[in-house]
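Here's the structure we're looking at; comments come further down.
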Amino acid sequence: MNKYEIKILKKGDEVLNVISYLGNLAVAVKRKKGHVDIVLIEKDEENIPSVAETWTISEGDNEVTVSNGTVKISTF
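Take 1 as the starting number for the sequence shown in UniProt numbering and just add one per residue.
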């Protein structure tokens with residue numbers, strides 16, 4: 001049996017929940033600064049897990065911002 005160690009926490013962070021989501025894992029992490037990250041972990045063709053996406057839930061006025069490193073798209 002394989003043992004995986006997924007290092008997504010920093011000092012002061014807390015795991016709130018872990019659920020199965022579309023065959024992957026979704027981990028809710030409360031960060032030390034108060035926001036919550038939903039970290040989606042998926043396995044590739046060789047069954048190696050990796051972080052696929054991170055959704056950050058923070059304060060705001062019902063706004064969603066998507067960033068791919070070069071472009072930011074916001075909704076209002």
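By construction, the Cβ of each residue, glycine as well, lies at the ideal position given by its N, Cα and C atoms. Predicted model only: the values in this text are computed from it and were never measured.
Straight-line Cα distance separating D44 from E50:
Within the sequence shown, the letter at position 50 stands for residue 50. Within the sequence shown, the letter at position 44 stands for residue 44. A small fix is needed here, since residue 50 is Ser in this sequence, not Glu. Pairing S50 with D44, the inter-Cα distance amounts to about 8 Å.
Residues bridged to S20 (per DSSP):
As a position in the sequence shown, residue 20 is number 20, starting the count at 1. Answer is L25.
By the 10 Å Cβ neighbour count, where 16 or more other Cβ atoms means buried, how is V27 classified, buried or exposed?
Sequence index remark: in the sequence shown, residue 27 carries index 27 (1-based). By the neighbour-count rule (16 or more Cβ atoms within 10 Å), V27 is buried.
Same chain, Cβ closer than 8 Å to K10, five either side skipped, listed in chain order:
Walking along the sequence shown from the start, residue 10 turns up at place 10. Once the five neighbours on either side are set aside, the close Cβ partners of K10 are R31, K32.
Nearest neighbour of G60, chosen from I48, H35, L40, K7 [CA to CA]
Position 60 of the sequence shown holds residue 60. Minimum Cα distance to G60 is reached at H35.
Beta-carbon separation of I57 and I38 under 8 Å?
Taking the first residue of the sequence shown as position 1, residue 57 is located at position 57. Taking the first residue of the sequence shown as position 1, residue 38 is located at position 38. Their beta carbons are under 8 Å apart, which means I57 touches I38 by this criterion.
Closest Cα partner of M1 within the set A52, E63, N47:
Walking along the sequence shown from the start, residue 1 turns up at place 1. Answer by Cα proximity: N47.
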